[in-house]
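Residue numbers (my numbering), protein chains in the order written: chain P, 1 to 293; chain E, 1001 to 1234; chain A, 2001 to 2360; chain G, 3001 to 3430. Glycine residues also receive a C-beta, built at the ideal position from the N, C-alpha and C atoms. See below for the structure under consideration.
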Amino acid sequence: MVGFEALVRATILGLQFGTTLALLVAGLTLVFGLMDVINLAHGSLYMLGAYFGVTLVDAGGSFWLALVVAPVAVGVVGLLMEVFTLRPLYGREPLYQILVTLGLAFVVEESVKEVWGTSAQNFAAPAVLAGSIDIAGVTYSQYQAFVLLFTTVLVAAIWVGLERTNVGVLLQATAHDPEMVDALGFDVSRVFTGVFAVSAVLAGLAGVLLGPARAVTPSMWFNVVLLAFAIIVIGGLGNFRGAIVASLLVGLLTGYAALLVPSYTELLVFALMAVVLLVRPAGIFGTATGDPG
Amino acid sequence: MSAHPVLAVEGIDTYYGRSHVLFDLSLEVGAGETVALIGNNGAGKTTTLRSIMGLTPPERGRILFRGEEIQGCKPNEIRRRGVSLVPEDRRIFPSLTVAENVELAAAAGSTTTDVYDRFPVLDDRRDQRAGTLSGGEQQMLAIARGLVGPPTELLLLDEPTEGLAPQIVEDVSEVVEALTDDGITILLVEQNAELALELADRAYVIETGRIVHEAGGDELLHDPEVLETHLGVR
Amino acid sequence: MTVLDRLLDRSGARTDEVLGRRGRVALVLVFCGLAVAGPVIDVIATFWLHVLTRVMIFALFAISLDLVFGYTGLPSFGHAAMFGVGGYTVAFVTLGPTQNLLVTIATAALASATVALLIGWLSVRGTGLFFAFLTLAFAQVLYLVAFNDLPAQLLGADKITGGDNGLVGIPGYELFGVEFGGLFEYYYLTLVVVGICVALLIRIANSEFGRVLQGIRENEDRLTALGYDVTRYKVIAFTVSGTFTGVAGALYAPLVRIAHPSQLFWLTSADGIIMILVGGIGTLWGPMVGAAFITVFEEFATVVGNWHLYLGVLFVTMVIFLPGGIAGAISTVARSPREALSNARRAGRRYVRRVRGDRH
Amino acid sequence: MIKILDGRDASTESERQHGRAGTTSRGGRSRRAFLASAGTTAALGVAGCLGSGGDTVKVGFAVAQSGAYTLLGESVINGFKLRVEEELDGQLGGRDVEFVSQDTEGDPGTGSSIAQEFITREEVDVIVGSISGAVASAMRPVIEDHVDDLVWLCPVGIGWQWPMDTPTDDVSVSCTSTQFITGDAYYQPSAPMADFAIENLGDSCVLAFADYSAGYQYGGLFRNRFEELGGDIAGEVPVPVGTEDYKPYLQNVDTSADFVFGMFAGSDAINFVKQFHETGLHEELDLSGVGFLAEADALGAQGDAAVGTYSALPYTPGKDTERNQEFVEAYQDVNDREPNVYACTSYDAAQVADTAIEEVGGTDANDIADVIPGIEVDSPRGYFEMTDSMPYHPVQDVDIRRVVATEGDAPPTNEVIDTIERVKAPFDCA
């Protein structure tokens, strides 16, 4: 019934979807890994990226300018969030951070409605990338291919950066034992703020990159937030490599499920989450301590 | 040298959450001294070091380092001023290599003392993950990590020989002696009271969060009452 | 004093104070107050019967969730599963064989107990957040099963869960020929059922069993060392909690006349958690106050379009400045108003310090 | 019907000030209503004496004001208020109007509670809402308990369910004697497209729809009609509601078919259309669908990707009639945005309420419910007539529209290319 060709296509589409998921969860998993913060406002930062992007493009800036400026602006928002609402909570139960970030998500949603209104925004992909290309029987817009390439490079860079650079070493150490890192002479609260801001930048980047292909609305955060969490849980809480692998896995699962049992895609993702947690409680790549590498 | 002791803890009270752990505790460490802090499990030894390091800051009292108050400072500021903690259980970063552990600590400051000269055993294992080292090697790494980075004037050593084989304990005490010889001031918490008292110039005995005795190391070592009541040594 | 009692002493002080004599008297007074107020409210502001009925239902949801969440220290993100199963069971039973109150509630309790047992048994393999995510995953799976009406598809039926439409038109209950369809009757029915359940829950919390649960939160390892089968206690606690949550769901569905997948959705679990945190986690009575507060807050707030803004700001400020929730605040003020004031000042100073980067 | 326009002179001061005189005046409306429901004169007199609701009319909006349906909720409120506040001097049927609104959050339980609250606390005369079908289903039993107390106006065709794969003629829906749909009745934006498509797009179609009841219902009604006309459904592609990335699902679209019929709404419609275009499917198949697929609000965000999409809906903002132009301008003046279909159907709900209340001379729900059937409304979408039997809904013309690009930076817009006249949903009451 389902031919080989269809499976190949499902695989390609699944991997492509997985890559966009990786883009969405990259920042989220960093924050969880380092700070034990379950940031329900991550989707909101993603949404802000898209809105800032639309505004910059509409204001006459180019898409490429927006791709640089919007994430930075989101980073600033993230930084303020961390300093004023999360810093007072470190050391308390992660639950409280969940509630605070849920509160922030509501505040962002209402603020977006206030500023941009409730209708969906038109975020046009850059005209340069208007054409399309064919890969293994699947038609991609050039823009899609660009996002794919960009994301792959970005994720690979973060991956390598976490393993090979001094900053990466610092982050791994902080994830393992922030108190000790502080006692070694590093201002951990600045590390946290920095990581949260970077995570916000990544979310903003996802917003700008995915915005042109998606509906930019004040509730777009909601559709991604739970899926993003399922992925970082599957990958092993706060484990960057795990989150990336889990993104691709969930992408593939979605690709095949969409082909074979489209109604049950979401159900399968949560079933996968449950099974992974039961079989490998710390996730595919997780360690009990949480390690961002 | 200034007239101040390197470290002066003046009447601190420290809490863990709601439980009161240290009561009006005072102690001093002079320049170049090695001072031991001995007491039973749960007496508050580790908490004292954590208080000094700013990890569990006291609610009352003062901590002076080279005459300056540090009790309100964050651990990283205290480290940069020259206090370094080698914590209980070592707390090295197991997934990082030996070299990464050392470089990370070094990156926080300017000291580039070649610790590998002092700890040749680490030199051989630079690229090994720290988690795979033996207990003694991990302890060496923890001390090495405490020596690089910002210049260390006061080293807080928490149970450096805990859980180590006798032969290794000897190696560690040699290292501590060498550090003393190099002029580094040391505040040592040690379970092995005899060893502590051998290494130390002076010692404090701590019991349920209070200093109950203070004397030269030799004195205490030969005071049967102290040995029996406070250290359970017969 | 046994070792165990001593072990429990620290936290026991807080809960005993509330659920001790004074707390129980207060609860009985509230119960009597609601009973007496019924006819008055019915005459002057009928709608408040509806609000108060919801308050009671969510109070039961919150207290039963708190029994595992705050009291035992098992952060369940999946209690919507039992809440929804309770509701669906009521729909199946009342739309089907019987509207008999006892039969229906008992069936709903049994069904949710079974689901809770299963989810609990599987989820206690994970601790902390892993437990939370396991419960979340199972609840979401149930939600999607109901949303897609998987049972109907498997059995080839037209509808079983009714998919995204849910099951509508749930009639009220009936007992010995008395119909509990009207709001007034339903208010009293809820009052009695919730009253019994809350009394039972408090009884459980104060029992030897409850002390073990508290011990699990305080120091699981020590309990294990004392020879307790901690895992079994956890599963039982989760099942007990889930059963009462199911009863709450069984009261909710007939009130709103529908069993719907949204009652199984993660936001329903989140509602319960929010009530607990806002009310005062682990105190059992605080979550009930939280349930009342949130329900009434939404009642007033939803009149304005952007009420989520206020809700968001409320969450953020409460979590930062009132970590003990409403219960914490009430306790402090009751103990010493002066201390409360100085606490508030200290909280303000602490906030500034933390924002500046101090981690203590 | 032209007579109605003669009431223009009677337009109020405020109408003239705003330069958007309503095309229906009080006089004209009464006459039309009178003509439309000749049998109600007797009831009229009685109602005049027994008028239950006092002097004001209380209108309660039970619509989502947070979450994914926010925009629709806003449009419903704006449309209704436009009619009342800007054109009727704040009155309905000559009585002052008081509004209350509550956020259903799209949650059925909340919706049911709100219905309860509106009835028992606010004592509203008219409930307007909801948007979600599940919320409406939950509100129904509460409202049915109080059919003597209030009238239920539904700007969106909602709250009916029937099992999947039911032949259209066998569809039976839940009816409530005081429920009046002023929007569409499922059949209207779906089945007429089949008539157009078989002639113009081809006889082989892939059905793509949001995987929930509304998706199956709209899609099913189209399929039934399409197959009845000899068309062939080459494949079905259900996609979960709230999907962000449609590409994995679009792989199931059989490109050898002639066209796709899509049933998606809100942000799902935006994502679907954008990604349909992005994956190059628009080069192989035509895209058509229920009107919500290319709704006014969505077009701006869909941009060029929507160009060429065919869709069916009773209302099109670009419709070139005087009545509609006035409505669009008035709406834009007040709300700074083009009206969408919900704004129009809610505006019409206000027209229905106004006419009925005036005719009854009171707010007795039963009396109002008696006069609404058969009422004719001069809607921006064109004249329509409420059915005279349950389920009450408009018998109305359905536009077949095609999205065309506009010059400059403006978003594309729907152009009416065909009109299927006087469509009525062939449903029975259960």
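In chain order, ALA2132, THR2135, LEU2136, SER2269 place their CB closer than 6 Å to the CB of A/PHE2077, counting only its own chain and leaving out the 5 sequence neighbours on each side.
The Cβ atoms of G/THR3309 and G/ALA3294 lie closer than 7 Å to each other. Under the 10 Å beta carbon count, G/CYS3205 is surrounded by 16 or more other beta carbons and is classified as buried. Residues of the same chain with a CB within less than 6 Å of the CB of G/THR3345, apart from the 5 flanking positions on each side, are PRO3155, THR3182, GLY3183 in chain order.
Of all residues in the region 255-273 of chain P, only GLY255, ALA258, LEU259, PRO262, SER263, THR265, GLU266 come within less than 7 Å of chain G when Cβ atoms are compared, listed by chain position. At least one CB atom of chain A sits nearer than 7 Å to the CB of P/SER189.
Taking the CA atoms as reference points, E/ARG1080 sits about 20 Å from P/THR193. Three or more Cβ pairs drawn from the region 1022-1040 of chain E and the region 1192-1207 of chain E lie within less than 8 Å of each other, which places the two stretches in contact. Residue contact with chain A for P/GLY103: present (Cβ-Cβ distance below 7 Å to some residue of chain A). Annotated as distal: A/ILE2204 and A/GLY2195, with beta-carbon spacing of 7 Å or more. Between P/ILE284 and P/GLY255, the CB-CB gap reaches or exceeds 7 Å.
The distance from the Cβ of P/ALA70 to that of P/LEU56 is about 6 Å, consistent with a contact at the 8 Å cut-off. Counting every other CB atom within 10 Å of its CB across the protein chains shown gives A/TYR2233 a total of 16 or more, marking it as buried. Straight-line spacing of the CA atoms in P/LEU129 and G/PHE3276 works out to 17 Å. In the three-state reduction of the DSSP assignment, E/GLU1214 falls in the strand class, which pools E and B. Sequence-distant Cβ neighbours of G/GLN3332 in its own chain, meaning closer than 7 Å and more than five residues away, are GLU3338. Its chain contains ILE1092, PHE1093, PRO1094, LEU1096, THR1097, VAL1098, ASN1101, GLN1138, LEU1141 as the residues whose beta carbon lies nearer than 7 Å to that of E/ALA1130, once the 5 sequence neighbours on both sides are disregarded; these appear in chain order.
With its beta carbon less than 7 Å from one in chain P, E/ALA1105 belongs to the interface. Taking 7 Å as the cut-off, the beta carbon of G/VAL3273 is found closer than this to the beta carbon of G/ALA3306.
Between the alpha carbons of A/MET2056 and E/PRO1160 lies a gap of roughly 58 Å. Within the same chain, and ignoring the five residues on either side of P/THR19 in sequence, the residues whose Cβ sits closer than 6 Å to its Cβ are LEU148, THR151. The beta-bridge partner set that DSSP reports for A/ARG2054 is empty.
Annotation: A/PHE2176 to A/ALA2253 spans about 21 Å, alpha carbon to alpha carbon. With contacts defined by Cβ atoms closer than 7 Å, E/PRO1075 and P/ASP182 form a contacting pair. When Cβ pairs closer than 8 Å are counted between the two stretches, the region 2074-2091 of chain A is seen not to touch the region 2029-2047 of chain A, the count staying below three. In the DSSP assignment, G/SER3311 is bridged to G/GLY3289, G/ARG3401. Boundaries around G/CYS3154 are those of the beta strand (DSSP E), 3151-3154, since no alpha helix (DSSP H) includes it. Contact of A/SER2112 with chain G is not assigned, every C-beta pair being separated by 7 Å or more.
Shortest Cα-Cα distance from G/THR3104 to any of G/LEU3092, G/GLU3117, G/ASP3364 involves G/GLU3117. Apart from the 5 residues on each side of it in sequence, G/ASP3297 sits with its Cβ closer than 7 Å to the Cβ of LEU3071, ASN3340 in its chain, given in chain order. Around the beta carbon of G/CYS3429, a 10 Å sphere encloses fewer than 16 other beta carbons of the protein chains shown; the residue is thus reported as exposed. Counting the other Cβ atoms within 10 Å of the Cβ of E/ARG1090 gives 16 or more, which makes it buried.
When C-beta atoms of the region 3182-3200 of chain G are compared with those of the region 3398-3418 of chain G, three or more pairs fall below 8 Å, so the two segments count as touching. Residue-level contact by beta carbon holds for P/THR85 and chain A, with a gap shorter than 7 Å. Contact residues of the region 3175-3195 of chain G toward chain P are absent (C-beta to C-beta distance below 7 Å).
Interface residue (Cβ-Cβ distance to chain A less than 7 Å): G/THR3413 is not classified as such.
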